[in-house]
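Those protein sequence lines, which keep their order, are chains U and H.
0 is the number of the first residue of the first sequence in numbering that gives the first Met the number 0; add one for each residue after it.
0 is the number of the first residue of the second sequence in numbering that gives the first Met the number 0; add one for each residue after it.
Here's the structure we're looking at; comments come further down.
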Amino acid sequence: MKKTLIVIPVYNEEVNIEKVIREIRQEIDFADILVIDDCSTDGTLKKIKSLDINFLSLPFNLGYSGVLQTGFKYAVENNYEYVVQFDGDGQHIAAEVKKLNAASINENADIVIGSRFKDKKGYPYPYPLFRRIGSTIFKMLIKNICNTKITDPTSGFQMLKRNVFGRYARMYNYPQYPDANLIIEMLLNKYKIVEVPVAMRKRETGISMHGGFIKPVKYMVKMFYSIVLIIIKYKLSIKTKKRRRKK
Amino acid sequence: MSRYLFMFIGVIPLFLILKKVKKNLFSEEKSIFWMLGGICIFILSIFPKLIDKLSALLGIAHPPSLLFLLTSLFILYIIFRQDQDISLLNERVKELGQRNAILEQKINTLTENREYDTENTLNES
């Protein structure tokens, strides 16, 4: 068994999944692959079974974050040292995992984020205005709260060390959208986050989970609420720590 | 006459709750609040003047509004508790689903290994 686990959450990715896995197998030899099917309604599960690959199949739909957390739990149980979050829709490029791995080892980072925007060439596609605005707001929030510059707070392409995914696996209420809120929480709790410029592809087929108009609005509201709660919790935890020290 | 009607209405929830608790269809813990609510209705139906006195005490000009206020508070509280329970349950169900998936995978690999082993031993013998 290898030290690193690549977790690929899939939901109705019948068309993309085979290509994604073939690519990873070609490019990456230092990691095991785990595909997690979030109770897809098309032939995804059948496809995965035919690929002779390690997979989990959830009994009901848990959503992206619930699937990720399942992967973290699996990684904890099987004693992996690192977890790579990798999208099943073909947006992430397998060869870029090497960059994350190098940064994780060289810089001893707890979380390595693959950033589309750190290097201008990383994502040469038009990025929707609404998302750009959201992304900028979260960047500013992270900068103001944690005094750290994160260029791509919504990137799902991350490599996590054992202490991080172990924490996520145990986390009660692992957030529905694990983006800027988790970054803020981890930064506040003194985890080391490093960003690496990576290239990503444009989505080819299938529907993005942030499509439409209502969903992004919901996303923003939930994200703000989540961040506010994290800050309150953090402040409270500092207070209790101080009180304990006084005693 | 209306007094007896209200008394009757006040007694119905008490009996309903008791019946459900007896049959183990309603937990003791959850039924407490409904039981308290039912008892309140029953008492008020016997002594309707209580509401007048209470609202005079609190300075509420229109006594029935006190009744509505109390009922809405009661209902809000119960809904709040229910939402709390639902979110707890959601989290637990999620946890179960995740564990289930991980265990299923474990069983699958174990049975595969076993089949592989038995095939090998059969071939050897």
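Beta carbons: idealized from backbone N, C-alpha and C, even for Gly.
Bridge partners - residue i, DSSP secondary structure assignment
i: Ser114 (chain U); result: U:Pro196
i: Met158 (chain U); result: U:Val83, U:Val111
i: Asp31 (chain U); result: U:Leu4
i: Asp36 (chain U); result: U:Val9, U:Ser56
Contact with chain A by residue i, beta-carbon distance below 8 Å
i: Asn119 (chain H); result: Looking for chain A here will not work: the only protein chains present are U and H.
Beta-carbon proximity list for residue i, same chain, < 6 Å, skipping 5 on both sides
i: Phe54 (chain U); result: Val34, Ile47
i: Met34 (chain H); result: Ile16
i: Ser103 (chain U); result: Val111, Met158
i: Phe71 (chain U); result: Phe164, Tyr167, Ala168
i: Leu95 (chain H); result: none
i: Phe25 (chain H); result: Lys19
i: Asn15 (chain U); result: Asp88, Gly89
Supposed close pair residue i, residue j - CB separation, criterion 8 Å
i: Val111 (chain U); j: Val193 (chain U); result: 5 Å
i: Leu181 (chain U); j: Cys145 (chain U); result: That pair is no contact at about 12 Å.
i: Glu12 (chain U); j: Asp88 (chain U); result: 6 Å
i: Thr69 (chain U); j: Gln97 (chain H); result: 4 Å
i: Leu65 (chain H); j: Leu57 (chain H); result: 7 Å
i: Tyr73 (chain U); j: Ile101 (chain H); result: 5 Å
i: Asn78 (chain U); j: Thr3 (chain U); result: About 12 Å; that fails the 8 Å criterion.
Neighbourhood of residue i by C-beta distance below 8 Å, restricted to the same chain and skipping five residues each side
i: Val96 (chain U); result: Ile5, Ile23, Glu26, Ile27, Ala30, Val83, Phe85, Met158
i: Gly36 (chain H); result: Pro12, Phe73
i: His61 (chain H); result: Ser54
i: Glu106 (chain U); result: Lys191, Val193
i: Asp37 (chain U); result: Pro8, Val9, Tyr10, Leu57, Asn60, Leu61, Gly62, Tyr63, Gly65, Val66
i: Pro27 (chain H); result: Going by the sequence as given, residue 27 (chain H) is Glu instead of Pro. Val20, listed in sequence order.
i: Lys160 (chain U); result: Glu80, Tyr81, Ser103, Ala108, Asp109, Ile110
i: Asn23 (chain H); result: none
i: Pro63 (chain H); result: Ile50
i: Pro215 (chain U); result: Phe129, Arg130, Gly133, His209
i: Tyr76 (chain H); result: Phe32
Minimum C-alpha distance to residue i - residue among the options
i: Thr40 (chain U); options: U:Ser49, U:Leu67, U:Ser56; result: U:Ser56
i: Phe91 (chain H); options: U:Met219, U:Arg169, U:Met139; result: The sequence given here places Arg at residue 91 (chain H); Phe does not occur at that position. Closest by alpha carbon: U:Arg169.
i: Lys117 (chain U); options: U:Gly87, U:Ala94, U:Thr153, U:Ala93; result: U:Thr153
i: Phe32 (chain H); options: H:Ser86, H:Glu118, H:Arg80, H:Leu95; result: H:Arg80
i: Lys105 (chain H); options: U:Leu128, U:Gly65, U:Glu76; result: U:Glu76
i: Val10 (chain H); options: H:Phe41, H:Phe46, H:Lys21; result: H:Phe41
i: Ile32 (chain U); options: U:Gln175, U:Lys1, U:Cys38; result: U:Lys1
i: Pro174 (chain U); options: U:Lys120, U:Tyr224, U:Gly42; result: U:Tyr224
i: Pro196 (chain U); options: U:Tyr122, U:Lys45, U:Tyr73, U:Glu12; result: U:Tyr122
i: Ile226 (chain U); options: U:Phe137, U:Ala93, U:Ser49, U:Tyr124; result: U:Phe137
i: Lys247 (chain U); options: U:Ile183, U:Tyr176, U:Val14; result: Because chain U spans 0 through 246 in this model, residue 247 (chain U) falls outside it and cannot be assessed.
i: Ser30 (chain H); options: H:Ile45, H:Phe14, H:Tyr115, H:Leu121; result: H:Phe14
i: Met219 (chain U); options: U:Lys234, U:Ile132, U:Lys245, U:Thr69; result: U:Ile132
i: Met222 (chain U); options: U:Lys120, U:Leu235, U:Leu140, U:Ile237; result: U:Leu140
i: Pro125 (chain U); options: U:Tyr81, U:Lys201, U:His91, U:Phe212; result: U:Lys201
i: Ser44 (chain H); options: H:Asn89, H:Leu68, H:Leu4; result: H:Leu4
i: Leu235 (chain U); options: U:Arg21, U:Arg115, U:Asn188, U:Thr135; result: U:Asn188
i: Gly211 (chain U); options: U:Thr3, U:Pro127, U:Gly42, U:Val19; result: U:Pro127
i: Lys217 (chain U); options: U:Tyr176, U:Thr239, U:Ile230; result: U:Tyr176
i: Ile230 (chain U); options: U:Asp151, U:Ala101, U:Ala179; result: U:Ala179
i: Gly19 (chain U); options: U:Ala93, U:Thr150, U:Arg244, U:Gly42; result: Residue identity differs from the one stated: residue 19 (chain U) is Val in this sequence, not Gly. Nearest C-alpha to Val19 (chain U): U:Ala93.
i: Leu87 (chain H); options: U:Asp51, U:Arg21, U:Ser114, U:Asn172; result: U:Asn172
Residues near residue i in its chain [Cβ-Cβ closer than 7 Å; skip 5 each side]
i: Leu44 (chain U); result: Asp36, Ser56
i: Lys142 (chain U); result: Lys148
i: Ala91 (chain U); result: As written in the sequence, residue 91 (chain U) is His, which differs from the Ala given in the question. Hits under 7 Å: Phe85, Phe156, Met199.
i: Lys240 (chain U); result: none
Residue i beta carbon near the ligand GTP (any heavy atom closer than 7 Å)
i: Asn53 (chain U); result: What this structure holds is no ligand at all, so the ligand GTP is not there to describe.
**Q.** Complete runs of the alpha helix (DSSP H) confined to the segment 2-85 of chain H [at least 4 residues]
**A.** 27-45, 48-57
Q) Whole beta strand (DSSP E) runs in the segment 136-192 of chain U with 3 or more residues, listed along the chain? A) 157-160
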